[in-house]
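> One structure, pasted below without further comment.
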Amino acid sequence: MMFWRSVVGKLWITILLLVSVVLLILTILLLQYFERFHTERAENELMSHASLIGSVIEDDDTQNRVLAMAETISETYEAQAVIILDQEQYWYTEQVFSGAQLPIQVFYEDDVLSRVIFEQESIATEGDYLFESIGEEGTEELMVVGTPVQFPDGEIGAVFLYQSLDVVEEATSQTTSIILLSAGIAIILTTVFAFFLTTRITAPLRRMRKASLEVAKGNFDTKVPILTNDEIGLLGIAFNRMARALNTNLNALNQEKEQLSRILSSMADGVITLDRDGGVMVTNPPANEFIGAWLYEQGYVTEESGQLPEELQNLFEKVVSEEQEQMGEVDVQGRSWVILMTPLYDQYHVRGAVAVMRDMTEERLHDKLRKDFIANVSHELRTPISMLQGYSEAIIDDVAGSDEEKKELAQIIYDESLRMGRLVNELLDLARIEAGHIRLNLEPVNMTEFVERISRKFQGVADDNNVELMGEIDQSDTEAYVDPDRIEQVMTNLIDNAIRYTSVNGSVKLRLEELPAGFRLDVEDTGAGIPEEDLPFVFERFYKADKARTRGRAGTGLGLAIVKNIVEAHKGRVSAHSRMGEGTTFSVFLPFSQGEDVNELTS
1 MMFWRSVVGK
11 LWITILLLVS
21 VVLLILTILL
31 LQYFERFHTE
41 RAENELMSHA
51 SLIGSVIEDD
61 DTQNRVLAMA
71 ETISETYEAQ
81 AVIILDQEQY
91 WYTEQVFSGA
101 QLPIQVFYED
111 DVLSRVIFEQ
121 ESIATEGDYL
131 FESIGEEGTE
141 ELMVVGTPVQ
151 FPDGEIGAVF
161 LYQSLDVVEE
171 ATSQTTSIIL
181 LSAGIAIILT
191 TVFAFFLTTR
201 ITAPLRRMRK
211 ASLEVAKGNF
221 DTKVPILTND
231 EIGLLGIAFN
241 RMARALNTNL
251 NALNQEKEQL
261 SRILSSMADG
271 VITLDRDGGV
281 MVTNPPANEF
291 IGAWLYEQGY
301 VTEESGQLPE
311 ELQNLFEKVV
321 SEEQEQMGEV
331 DVQGRSWVIL
341 MTPLYDQYHV
351 RGAVAVMRDM
361 TEERLHDKLR
371 KDFIANVSHE
381 LRTPISMLQG
391 YSEAIIDDVA
401 GSDEEKKELA
411 QIIYDESLRM
421 GRLVNELLDL
431 ARIEAGHIRL
441 NLEPVNMTEF
451 VERISRKFQG
461 VADDNNVELM
471 GEIDQSDTEA
481 YVDPDRIEQV
491 MTNLIDNAIR
501 YTSVNGSVKL
511 RLEELPAGFR
521 LDVEDTGAGI
531 PEEDLPFVFE
541 RFYKADKART
551 RGRAGTGLGL
561 AIVKNIVEAH
571 KGRVSAHSRM
581 GEGTTFSVFL
591 PFSQGEDVNE
601 LTS
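Be aware that the sequence shown starts at 1, since it is given in full-length UniProt numbering, and climbs by one per residue.
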């Protein structure tokens with residue numbers, strides 16, 4: 001069935017049917033023509049011979065001569081001759097054909113043949129005439145011609161020649177066989193020619209089909225060979241041009257698609273493209289993070305990505321209905337997202353929308369930190385300034401009468417000025433560190449000796465505060481590349497805070513442990529501890545413990561913020577763990593080399 005549906009089959013059937021119809025019509029016409037031709041030719045020949053016999057009779061009525069001529073003619077053309085002299089006398093030639101002789105009565109009784117005798121007309125006719133054959137009666141189709149003749153004695157007679165139509169039909173049959181044979185040969189040649197022609201036509205088409213399948217698979221380097229300059233060759237040239245154009249256009253589209261994809265992926269803002277029905281078509285990683293956080297918050301599974309936050313859905317409905325840009329804000333998992341949604345148009349109508357989401361949490365936090373910073377700095381400066389102002393007025397107004405009282409007031413003013421200086425210096429240090437202007441003077445340091453020296457340095461301070469300072473220091477010859485001055489500043493802040501917030505007869509433990517990737521330094525105290533809700537904020541600026549944990553030596557609240565920035569500048573990590581009523585532990589991890597980026601603090 002596939003053959004009949006192919007171009008080869010269709011062209012072959014079309015050409016064969018066309019040639020067959022033409023040959024059929026031509027054969028019918030030829031058969032009819034040759035049938036009439038043979039019949040008319042036989043009639044004309046018999047008629048001419050009958051006329052010849054008649055002319056001989058008119059010149060010489062010798063019976064023997066006439067019969068001899070008639071028999072010669074009848075033998076040559078397988079015809080029977082009848083010469084009628086009068087009503088009673090007639091001559092028959094010798095029998096030379098398979099049929100029986102026509103009875104003489106036929107020539108007198110037949111309406112057509114009798115006209116030759118009685119009306120002196122020449123005739124040629126065909127018909128079924130009665131004859132006797134081996135004692136049986138039957139009919140045979142004969143061709144009979146007749147012509148009147150006048151004998152020398154003035155009598156009127158007739159000459160008849162009749163012949164079986166089988167002779168004519170035999171000639172016609174031979175002609176028919178030749179015509180049918182020719183038609184068969186023509187059909188066979190037509191079939192061969194049709195297959196040859198269709199093969200010449202379809203072979204390039206099959207190559208084009210194969211090439212088009214390769215192009216459909218993305219192989220645009222496929223080319224169709226051009227073998228001719230006809231329409232098929234021009235089609236092949238057009239196909240190759242089309243493949244090159246498709247390759248160029250698809251490469252351009254892929255480049256633009258990849259460029260757009262990279263732009264979307266690298267954007268810090270989330271992008272969501274929605275269709276007319278609100279379905280999600282395109283997202284980028286920040287948008288996926290936003291949708292995933294919202295799904296988790298609502299209790300949906302991850303696969304239900306078709307869900308959108310209600311605020312986003314409401315914005316989309318407004319965009320579609322009003323065909324204007326809309327803005328909104330959504331809080332998801334503690335983060336604030338500002339959404340700007342713009343309609344997308346086809347030629348006339350809104351076909352969707354694109355939403356750009358920006359995470360404003362950091363900006364809001366920075367605004368809050370900026371406001372808190374101003375408030376904290378004002379609060380920290382207000383107390384020493386007011387004390388400086390008050391004690392200065394006391395000295396000016398001679399409130400202090402004795403020199404000792406004046407000296408005491410001056411000492412307080414001096415202490416508060418030192419406190420203000422420390423606050424300003426720490427603010428400047430923190431600003432330089434956070435701005436990236438800190439410069440580390442790295443050098444190999446034996447951490448065991450370094451920590452033991454710091455422990456001895458604070459032993460006197462611990463004794464003054466009735467706090468036991470203990471050390472658990474691993475003995476190691478391994479060196480770490482650090483800035484010793486900055487690390488000493490870190491340890492000074494941590495140990496000073498631990499001693500300050502540890503109650504009388506408490507203890508502070510300084511622990512050093514060597515790990516596979518670096519050193520871990522713990523400062524553990526037995527103070528009142530830090531509330532759980534305050535732990536995430538201990539490394540922020542101006543964080544201070546509550547009054548219950550303060551023993552008269554209030555700091556600026558910037559020490560731990562400086563500690564965190566110095567440790568992170570060394571590619572390290574710092575963390576705090578605390579339990580109320582049990583104490584607090586600050587842990588610092590420092591890698592051996594600054595080339596190692598340690599991503600987790602080994603516990």
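Ideal Cβ placement from N, Cα and C applies to all residues, glycine included.
Asn505 and Asn466 look like a contact to me (Cβ under 8 Å); what is the Cβ gap, rounded to whole Å?
Taking the first residue of the sequence shown as 1, we reach residue 505 at position 505. Taking the first residue of the sequence shown as 1, we reach residue 466 at position 466. 6 Å between Cβ atoms; contact.
> If you compare alpha carbons, which of Glu443, Ser593, Leu264, Glu323 is closest to Arg276?
Your numbering for residue 276 matches position 276 in the sequence shown. It is Glu323.
> Determine the closest residue to Leu590 out of Asp534, Glu121, Thr478, Pro531, with distance taken between C-alpha atoms.
Here the question's residue 590 lines up with position 590 in the sequence shown. For Leu590, the nearest C-alpha among the options comes from Thr478.
> What does the alpha-carbon distance come out to for the pair Asn314 and Glu258?
Taking the sequence shown and counting its residues from 1, one reaches residue 314 at position 314. Taking the sequence shown and counting its residues from 1, one reaches residue 258 at position 258. Cα to Cα, Asn314 sits roughly 32 Å from Glu258.
> Would you report the Cα separation of Glu109 and Ile117, rounded to the nearest angstrom?
By 1-based counting over the sequence shown, the position of residue 109 is 109. By 1-based counting over the sequence shown, the position of residue 117 is 117. If I take the Cα positions, the gap works out to 11 Å.
> Would you tell me roughly how many angstroms separate the C-alpha atoms of Ser261 and Ile487, rounded to the nearest one?
On the sequence shown, position 261 is the one that residue 261 refers to. On the sequence shown, position 487 is the one that residue 487 refers to. In a straight line, the C-alpha of Ser261 is about 45 Å away from that of Ile487.
> Compute the Euclidean distance between the alpha carbons of Glu311 and Trp294, then round it to the nearest angstrom.
Residue numbering aside, residue 311 sits at position 311 when the sequence shown is read from its first letter. Residue numbering aside, residue 294 sits at position 294 when the sequence shown is read from its first letter. Going by the C-alpha atoms only, they are around 11 Å apart.
> Hey, out of Ala498, Gly518, Asn497, Ala394, whose CA is closest to Val445's CA?
On the sequence shown, position 445 is the one that residue 445 refers to. The residue with the shortest Cα to Cα distance from Val445 is Gly518.
> So, for Lys547: in the same chain, excluding its five sequence neighbours on each side, which residues have a beta-carbon less than 7 Å away from its beta-carbon?
Position 547 of the sequence shown, counted from the first residue, corresponds to residue 547. Here the model assigns Lys547 a pLDDT of 41, short of 50, so the residue's position is not dependable and the matter cannot be decided.
> For Asn219, name the three-state secondary structure that DSSP assigns.
In the sequence shown, counting from the first residue as 1, residue 219 sits at position 219. Three-state DSSP puts Asn219 in coil, outside helix and strand.
> Let me know if Thr147 comes out buried or exposed under the rule of 16 or more other beta-carbons within 10 Å of its beta-carbon.
Taking the sequence shown and counting its residues from 1, one reaches residue 147 at position 147. Per the 10 Å Cβ criterion, buried.
> Verify whether the separation of the beta carbon atoms of Met447 and Ser507 is less than 8 Å.
Numbered from 1 along the sequence shown, position 447 holds the residue referred to as residue 447. Numbered from 1 along the sequence shown, position 507 holds the residue referred to as residue 507. No, the Cβ-Cβ distance between Met447 and Ser507 is not below 8 Å.
> Taking 8 Å as the cut-off, does the segment 268–287 touch the segment 222–236 (at least 3 CB pairs, one atom from each stretch)?
Cβ pair count under 8 Å is below three, so no.
> Report all residues from its chain with a CB closer than 8 Å to the CB of Ala569; omit the five preceding and five following residues, and keep chain order.
The residue you call residue 569 lines up with position 569 of the sequence shown. Around Ala569: Ile433, Ile438, Leu440, Arg486.
> What separation, rounded to the nearest whole angstrom, lies between the Cα atoms of Gly581 and Arg453?
If you number the sequence shown from 1, residue 581 lands on position 581. If you number the sequence shown from 1, residue 453 lands on position 453. Each residue's alpha carbon lies about 30 Å from the other.
> Enumerate in chain order the residues of its own chain whose CB-to-CB distance from Thr535 is below 7 Å, with the five nearest sequence positions on each side excluded.
To locate residue 535, count along the sequence shown from 1; it is residue 535. Per the sequence shown, the amino acid found at residue 535 is Leu instead of Thr. Excluding sequence neighbours, Leu535 sits near Ala576, Ser578.
> If distances are taken between C-alpha atoms only, which option among Gly292, Gly184, Ser392, Leu264 comes closest to Ser20?
Taking the sequence shown and counting its residues from 1, the one referred to as residue 20 is at position 20. When only C-alpha atoms are compared, the closest one is Gly184.
> Can you name, in chain order, every residue of its own chain whose Cβ lies under 6 Å from the Cβ of Met47, other than the five neighbours on each side?
Residue 47 sits at position 47 when you count from the first residue of the sequence shown. Here the set comprises Ala124, Val145.
> Roughly how many angstroms separate the alpha carbons of Met208 and Thr39, rounded to a whole number?
By 1-based counting over the sequence shown, the position of residue 208 is 208. By 1-based counting over the sequence shown, the position of residue 39 is 39. Going from the Cα of Met208 to the Cα of Thr39 covers about 59 Å.
> May I ask you to report which of helix, strand or coil DSSP gives Phe592?
On the sequence shown, residue 592 is found 592 positions in, with the first residue counted as 1. Residue state, collapsed to three classes: coil.
> Suppose you measure from the CA of Thr191 to the CA of Glu141; what does that come to, to the nearest Å?
Locating residue 191 in the sequence shown gives position 191, counting from the first residue. Locating residue 141 in the sequence shown gives position 141, counting from the first residue. Distance between the alpha carbons of Thr191 and Glu141 is about 41 Å.
> Could you have a look at Thr492 and say whether DSSP puts it in helix, strand or coil?
Position 492 of the sequence shown, counted from the start, is the residue given in the question as residue 492. If DSSP states are grouped into helix, strand and coil, Thr492 belongs with the helices.
> Tell me the rounded alpha-carbon separation between Val224 and Ser182.
Taking the first residue of the sequence shown as position 1, residue 224 is located at position 224. Taking the first residue of the sequence shown as position 1, residue 182 is located at position 182. Near 41 Å, if we compare the C-alpha coordinates of Ser182 and Val224.
> Note the first and the last residue of the continuous alpha helix (DSSP H) segment covering Met242.
Here residue 242 is taken as the residue at index 242 of the sequence shown, counted from 1. Residues 231–266.
> Under a Cβ-count criterion, where at least 16 other Cβ atoms within 10 Å of its own Cβ denotes burial, should Met491 be classed as buried or exposed?
Here residue 491 refers to the residue found at position 491 of the sequence shown. It counts as buried.
> Can you list, in chain order, the stretches of the beta strand (DSSP E) that have 3 or more residues and sit fully within the segment 325–405?
Entirely contained in the segment 325–405, the beta strand (DSSP E) runs reaching 3 residues are, in chain order, 326–332, 335–345, 350–359.
> In whole angstroms, what is the alpha-carbon distance linking Lys368 and Phe539?
Within the sequence shown, numbered from 1, the residue matching residue 368 stands at position 368. Within the sequence shown, numbered from 1, the residue matching residue 539 stands at position 539. Going from the Cα of Lys368 to the Cα of Phe539 covers about 16 Å.
> Would you identify the three-state DSSP class for Val445, choosing helix, strand or coil?
For the purposes of this step, residue 445 is identified with residue 445 of the sequence shown, where counting begins at 1. Reduced to three states, the DSSP call for Val445 is strand.
> Here's a check: name, in chain order, each residue in its chain whose Cβ is nearer than 6 Å to the Cβ of Gly572, leaving out the five neighbours to either side.
Working through the sequence shown from its first residue, we reach residue 572 at position 572. Cβ neighbours of Gly572 beyond the five flanking positions: Phe589, Leu590.
> Quickly, what does DSSP pair residue 604 with across the bridge? List them, please.
This structure cannot settle anything about residue 604, because the visible part of the chain is limited to 1 through 603.
> Confirm, please, whether the CB-CB distance from Ala70 to Ala81 is below 8 Å.
Translated into the one-based positions of the sequence shown, residue 81 becomes position 81. Translated into the one-based positions of the sequence shown, residue 70 becomes position 70. Result yes, Cβ atoms of Ala81 and Ala70 sit closer than 8 Å.
> I'd like to check one pair, Glu514 with Asp483: are the Cβ atoms closer than 8 Å?
Within the sequence shown, residue 483 is the residue found at index 483, counting from 1. Within the sequence shown, residue 514 is the residue found at index 514, counting from 1. In this structure, Glu514 does not lie closer than 8 Å to Asp483 by Cβ.
> Looking at C-alpha atoms only, which residue of Phe151, Leu180, Asp269 is the closest neighbour of Ile25?
Reading the sequence shown from its first residue, position 25 is the one you call residue 25. Of Phe151, Leu180, Asp269, the residue nearest in Cα terms is Leu180.
> Leaving out five residues on either side along the sequence, give the residues of the same chain with a beta carbon under 7 Å from the beta carbon of Ala268.
Position 268 of the sequence shown, counting from 1, holds the residue named residue 268. Only Pro286 meet the Cβ criterion.
> Give the range of the alpha helix (DSSP H) segment to which Val106 is assigned.
The sequence position of residue 106 within the sequence shown is 106, counting from 1. Looking at the DSSP string, the run of the alpha helix (DSSP H) that includes Val106 is 104–109.
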